[in-house]
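Asker: I have a structure I would like to understand better, so I am pasting it below and will then ask my questions one at a time.
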Amino acid sequence: MSQGKKTNLDLFQDSTIPEVFFNSVSAFSDSWAMAYYANEKWSGITYQKLAEEVLGLAKGLVKLGIQKGQKVGILSENRPEWGMAYLAILQAGAVVVPIDSLLKPAEIINIINQSETQIIFVSSKHSPKLKEVLSPGQHLKAVILIDEGGALENSLKFSDLTAKGRGLHTTLPTLKNTDLAEIIFTSGTTGNSKGVMLTHKNILSDIWGIKKLLKLYPKDNFLSVLPLNHVFESTCGFLTPLFSGAQITYARSLKSKELLEDIKGNKITLVLGVPLLYEKIFLGIKNAVSKKGLATKLYFNISFHLTKSLKILFGFNLGRFIFKSLRQKAGLSSLRLLVCGGAPLPAYIAEGFDLIGIKFLQGYGLTETSPVLTLNPLEKPKYASVGKPILGVELKINNPDQKGIGEIIARGDMIMSGYYQKPDATSQVLKDSWFYTGDSGWVDSEGYFYICGRIKNVIVTAAGKNIYPEEIENELLESPFIAEVLISGKKIENREEVYAMVVPNYEYFEEKLGDLTTPNHYIQKIIKEEINKCCANLAEYKRVKGFEIREQEFEKTPTKKIKRFTISDHRSVAD
20 MSQGKKTNLD
30 LFQDSTIPEV
40 FFNSVSAFSD
50 SWAMAYYANE
60 KWSGITYQKL
70 AEEVLGLAKG
80 LVKLGIQKGQ
90 KVGILSENRP
100 EWGMAYLAIL
110 QAGAVVVPID
120 SLLKPAEIIN
130 IINQSETQII
140 FVSSKHSPKL
150 KEVLSPGQHL
160 KAVILIDEGG
170 ALENSLKFSD
180 LTAKGRGLHT
190 TLPTLKNTDL
200 AEIIFTSGTT
210 GNSKGVMLTH
220 KNILSDIWGI
230 KKLLKLYPKD
240 NFLSVLPLNH
250 VFESTCGFLT
260 PLFSGAQITY
270 ARSLKSKELL
280 EDIKGNKITL
290 VLGVPLLYEK
300 IFLGIKNAVS
310 KKGLATKLYF
320 NISFHLTKSL
330 KILFGFNLGR
340 FIFKSLRQKA
350 GLSSLRLLVC
360 GGAPLPAYIA
370 EGFDLIGIKF
380 LQGYGLTETS
390 PVLTLNPLEK
400 PKYASVGKPI
410 LGVELKINNP
420 DQKGIGEIIA
430 RGDMIMSGYY
440 QKPDATSQVL
450 KDSWFYTGDS
460 GWVDSEGYFY
470 ICGRIKNVIV
480 TAAGKNIYPE
490 EIENELLESP
500 FIAEVLISGK
510 KIENREEVYA
520 MVVPNYEYFE
530 EKLGDLTTPN
540 HYIQKIIKEE
550 INKCCANLAE
560 YKRVKGFEIR
570 EQEFEKTPTK
580 KIKRFTISDH
590 RSVAD
């Protein structure tokens, strides 16, 4: 970065999260910061109103006895109060402990105890889980109920605490950007949950890098879909829009129909999501087209392939014009950008959205990196790549093999300070100022990074070949007959071979084949054909040699990655 006078954006790196938030309040006081659906209508909260709530709540927390550096948990679904609590906790000098609302009661109390949480905010929807595990001797100073209902013994009301705080002349603590802001317990696909410690500087450095790359405007409207307890949503879908003067609209639900209605009705411009969400939306569009008449289907297919060819040959995307009517009918006409993270995305999904005229960017990062490390550039995205390092990130491939594949390691101000009370685990991943991601990948001649998969998931064949399950999973997920798949290694005829566990897309089977009294052996036959078809372009040693059908979906993390550690056996039904 060139020397000279710092811009407001550059000051992010020297500030705290509340400071940057209140700068936005000064600039956009009368604009809506948040929109939510209640009592059969959409309502909004201005930046000024949000600031008043945050200050009142922060003073209320200090009056309760919360001290600088102490931990405060949030156990709630996405809603405006989640964000208010987050900002108030930081303003009070405390540390946010976001808790995954999908966790079981025993897991929740484990996080409370492990993090030494003093106070917890909880919504009525999730208070029964807390009630189940709280004991009379629990060290919690207070439980704050976000909304009506689900009362707990000795609990306080969110609204009462905020109102009381507004009338106090309490001095709030002085903050530094090196202060701890969050401890996020990783959901993990391995079962080993760790508390990731992120400072104000970590998070703001990441937002600085994102905003340097993306063009964000006060007129933007972000749809909040991903759980706020995940760092991808809290950093990119909550703080980033607030620091841009934009609006956050909380989705009513994750149902496809309501999501599309929310996008259309609120003129959403940006969505942050995970591959599963985008796969459902894109395949929904394709399925809707397939139900139309022959002329419509022909027009779509010809236009799609023409757009693709022209982009390859001349770099010009006609999709914005050709598919304008389709986007309007699908309720997507207001969208200008979709951003994907949290898990690897099949390249055809990113390409598909781009070709119908919706910019689609894939990025990469981890909880430990606040989270974004890379993002595709707006003007020249590569569908199979996770993009280039954002500003402030140094990224390289450690010990690359002959193909240039090695572990991705990262350095920058967004790297965590460590795992909470786990120095040994910290020293395993933080070495000489570099963070070892555990992901294997490679970089092309233009500086774009590509993810092969998690190093610990690699399947090694008898011939010494390395196979990355994620690569094969992405190929199989191109079949509309396959809803979910997990690839692993399995001994077949005394050799380590590629094995697939498949959850069929029963809705698609029913749509194509009618009544789902279809015998299991027929479903197996089609799945086998689809596997062979999808694997046709893979090297022989990467092809699936055996598979089984699962009726139930796999257990997943909040970002919809399959928890591989929960799959411990192979009950083969179709080897």
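Just so we're aligned, residue 20 is where the sequence shown starts under the numbering used here, counting upward by one. Using N, Cα and C, we set each Cβ at its ideal position, and we do this for glycine too.
#1: What does the alpha-carbon distance come out to for the pair lysine 330 and threonine 393?
#2: The alpha helix (DSSP H) with threonine 480 in it runs from where to where?
#3: Which runs of the alpha helix (DSSP H) fall wholly inside the region 112-174 and span at least 4 residues, in chain order?
#4: For serine 389, I'd like the list of residues in its chain whose CB is within less than 8 Å of its CB, leaving aside the five on either flank, ordered along the chain.
#5: Apart from the five residues just before and just after lysine 234, which ones in its own chain have a Cβ nearer than 8 Å to its Cβ?
#6: Which partner residues of cysteine 359 appear in the DSSP bridge assignment?
#7: Taking the DSSP output, what are the residues bridged to asparagine 240?
#8: With 16 as the cutoff for other CB atoms within 10 Å, does proline 365 come out buried or exposed?
#9: Leaving out five residues before and five after phenylalanine 342 in sequence, what residues of the same chain have Cβ atoms less than 6 Å from its Cβ?
#10: Excluding five sequence neighbours on each side, which residues of the same chain lie with their C-beta closer than 6 Å to the C-beta of isoleucine 511?
#11: Roughly how many whole angstroms lie between the Cα atoms of arginine 583 and phenylalanine 31?
#12: Could you check the C-alpha separation between valine 44 and proline 99 for me, to the nearest Å?
#13: Leucine 357 and valine 290 - do their beta-carbons sit closer together than 8 Å?
#14: Just reading off the beta strand (DSSP E) that valine 521 is part of, what are its end residues?
#15: Under 6 Å Cβ to Cβ from phenylalanine 379, same chain only, skipping five residues before and after it: list those, please.
#16: When the Cα atoms are used, what is the spatial distance from lysine 283 to methionine 53?
#17: Along the chain, which unbroken stretches of the beta strand (DSSP E) at least 3 residues long are found entirely within the region 82-108?
#18: Just confirm the distance between the C-beta atoms of leucine 242 and glycine 112, as a whole number of angstroms; I'd bet it's less than 8 Å.
#19: Quick one: using the 10 Å Cβ neighbour count with 16 as the cut-off for buried, is lysine 407 buried or exposed?
#20: In angstroms with no decimal places, state the Cα-to-Cα distance between isoleucine 424 and serine 459.
#21: Expressed to the nearest angstrom, what Euclidean distance is found between the alpha-carbon atoms of lysine 310 and lysine 316?
#22: Excluding the five sequence neighbours on either side, which residues of its own chain have a C-beta within less than 6 Å of the C-beta of isoleucine 108, listed in chain order?
#23: Quick check: alanine 161 and leucine 83, are their CB atoms within less than 8 Å of each other?
#24: According to DSSP, is proline 442 helix, strand or coil?
#25: Residues in its own chain within less than 6 Å of leucine 453 by CB, not counting five upstream and five downstream?
#26: Distance, Cα to Cα, valine 592 vs glycine 361?
#27: Near lysine 238, which residues of its chain fall below 8 Å by C-beta distance, leaving aside the five closest residues on each side in sequence?
#28: Span of the beta strand (DSSP E) holding phenylalanine 41?
#29: Report the three-state DSSP secondary structure of serine 404 (helix, strand or coil).
#30: Identify whether aspartate 451 lies in helix, strand or coil by the three-state DSSP scheme.
#31: Could you tell me which residues DSSP pairs with valine 563 in its beta bridges?
#32: Please name the residue, chosen from Leu496, Glu574 and Glu570, that lies closest to asparagine 551 on a Cα-to-Cα basis.
#33: Which of the three DSSP states, helix, strand or coil, is assigned to glycine 207?
#34: When DSSP builds the beta bridges, which residues end up paired with phenylalanine 468?
#35: Does DSSP classify lysine 415 as helix, strand or coil?
#36: On the DSSP letters alone, give me the boundaries of the beta strand (DSSP E) that threonine 393 sits inside.
Answerer: In short:
#1: If you take the alpha carbons of lysine 330 and threonine 393, they lie about 24 Å apart.
#2: Element bounds for threonine 480: n/a, residue is neither H nor E.
#3: As for any alpha helix (DSSP H) of minimum length 4 sitting wholly inside the region 112-174, the runs are 124-134 and 146-152, ordered along the chain.
#4: Counting only Cβ-Cβ distances below 8 Å, and skipping sequence neighbours, we find Leu217, Asn221, Ile222, Ser224, Asp225, Val250, Thr254, Met433, Ile434 and Met435.
#5: Taken in chain order, the residues that qualify are Leu397.
#6: In DSSP, cysteine 359 forms a bridge with Gly292 and Gln381.
#7: In the DSSP assignment, asparagine 240 forms a beta bridge with Gln266.
#8: Its Cβ being crowded by 16 or more others within 10 Å, proline 365 is buried.
#9: Correct list, in chain order: Ile375 and Gly376.
#10: Hits under 6 Å: Lys564 and Gly565.
#11: Arginine 583 and phenylalanine 31: Cα-Cα distance of roughly 38 Å.
#12: Taking the straight line from one Cα to the other gives about 16 Å.
#13: Remark: C-beta atoms of valine 290 and leucine 357 approach each other more closely than 8 Å.
#14: For valine 521, the enclosing beta strand (DSSP E) starts and ends at 514-523.
#15: So the list reads Leu357, Ala369, Phe372 and Asp373, once near-sequence residues are dropped.
#16: Between the C-alpha atoms of lysine 283 and methionine 53 there is a straight-line separation of about 17 Å.
#17: You should have 90-94.
#18: At roughly 32 Å, the Cβ-Cβ gap does not stay under 8 Å, so leucine 242 and glycine 112 are not in contact.
#19: Burial call: buried.
#20: Distance between the alpha carbons of isoleucine 424 and serine 459: 7 Å.
#21: Their Cα atoms are separated by approximately 8 Å.
#22: Within the same chain, isoleucine 108 has close Cβ partners Val91 and Val115.
#23: Annotated as proximal: alanine 161 and leucine 83, with beta-carbon spacing under 8 Å.
#24: Collapsing the DSSP output to three states places proline 442 in a helix.
#25: For the sequence presented, residue 453 should be read as tryptophan rather than leucine. Cβ-Cβ distances below 6 Å link tryptophan 453 to Ile428 and Arg430 in the same chain, with the five nearest sequence neighbours on each side left out; the list follows chain order.
#26: At valine 592, the pLDDT of 34 sits below 50, so the modelled position is not reliable and the matter cannot be decided from this model.
#27: Within the same chain, Cβ atoms closer than 8 Å to the Cβ of lysine 238 are found at Ala265 and Thr288, the five residues on either side in sequence being excluded.
#28: Taken as a continuous stretch (DSSP letters only), phenylalanine 41 belongs to no beta strand (DSSP E), being part of the alpha helix (DSSP H) at 36-47.
#29: Correct three-state label for serine 404: coil.
#30: Here aspartate 451 sits in coil by DSSP.
#31: Looking at the DSSP output, valine 563 sits in a beta bridge with Val517.
#32: Ranking the options by Cα distance to asparagine 551, first place goes to Leu496.
#33: A caution first: glycine 207 carries a pLDDT of 49, below 50, which makes its placement in the model unreliable, though a value can still be read off. The answer is coil: DSSP assigns glycine 207 none of H, G, I, E or B.
#34: Partner(s): Gly406 and Val462.
#35: Correct three-state label for lysine 415: strand.
#36: Start and end: 391-394.
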